[in-house]
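In my numbering, the protein residues as written are 1181 to 1310. Beta carbons are placed, not taken as given, at the ideal position from N, Cα and C, and that holds for glycine.
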Amino acid sequence: MANEFIIKNGFHSKGDSQVTGSISISGSLLNTGTVSIDDGDSPYTITGTQQFILIDPSGGDVTINLPIAATYPGREIRLKLTQDSGANTVTLQRQSSDTIDGEIADETSLEGQYEAISIVSNGGTGWFIF
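Have a look at this one:
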């Protein structure tokens, strides 16, 4: 089932699929791209299937390696702290010449329990924080 796109009532595509126009969904989508990490997993590299990253920095610093922005144009990744960071830091490690909000700094401002950010690839050399 890898690289398959299936919609009931006759539409089935294997490989890369592109939809032009709009798609309406009634109900919900199943997300299988959630991962929970802590300092024992650090440094952690986000893969192509992960969309929601739950972070527990209470036991130590956590570094998260972002994918190269150009590899995933328009991709959104959401990051959320599940515990307060205390004196520990959470670092989003950019790759190569990528930037985060136009900056080359890697550290985020996520500190408090339940704080969250979303990052979106611009398809070139940057990630934007929302």
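Cut-off 6 Å between Cβ atoms - residues of its own chain near residue i, not counting five sequence neighbours on either side
i       : result
Gly1263 : A small correction: the amino acid at residue 1263 is Gln; Gly does not occupy that position in the sequence shown. Asp1236, Ser1238 and Gln1293.
Gly1240 : Asp1219 and Asn1268
Ile1299 : Ile1257, Trp1307 and Ile1309
Gly1228 : none
Alpha-carbon spacing of residue i relative to residue j, whole angstroms
i       : j       : result
Ala1249 : Ile1297 : 17 Å
Arg1255 : Tyr1224 : 18 Å
Gly1304 : Ser1265 : 31 Å
Val1215 : Leu1234 : 6 Å
Thr1200 : Asp1278 : 29 Å
Beta carbon of residue i nearer than 8 Å to that of residue j
i       : j       : result
Ile1280 : Ile1244 : no
Leu1175 : Leu1290 : The question about residue 1175 has no answer here: the residues shown for the chain are numbered 1181 through 1310.
Leu1272 : Thr1288 : yes
Residue i - partner residues in DSSP beta bridges
i       : result
Thr1243 : Thr1271
Phe1308 : Val1300
Arg1258 : Phe1232 and Ser1298
Contacts around residue i, its chain only, beta-carbon distance under 8 Å, and the 5 residues preceding and following it disregarded
i       : result
Gly1282 : Gly1306
Where residue i sits in the DSSP three-state scheme
i       : result
Gly1220 : helix
Thr1251 : helix
Thr1166 : Nothing can be reported for residue 1166: it is not among the residues displayed for the chain, which extend from 1181 to 1310.
Spatial neighbours of residue i in its chain, beta-carbon cut-off 7 Å, leaving aside the 5 residues before and after
i       : result
Asn1302 : Ala1249 and Phe1308
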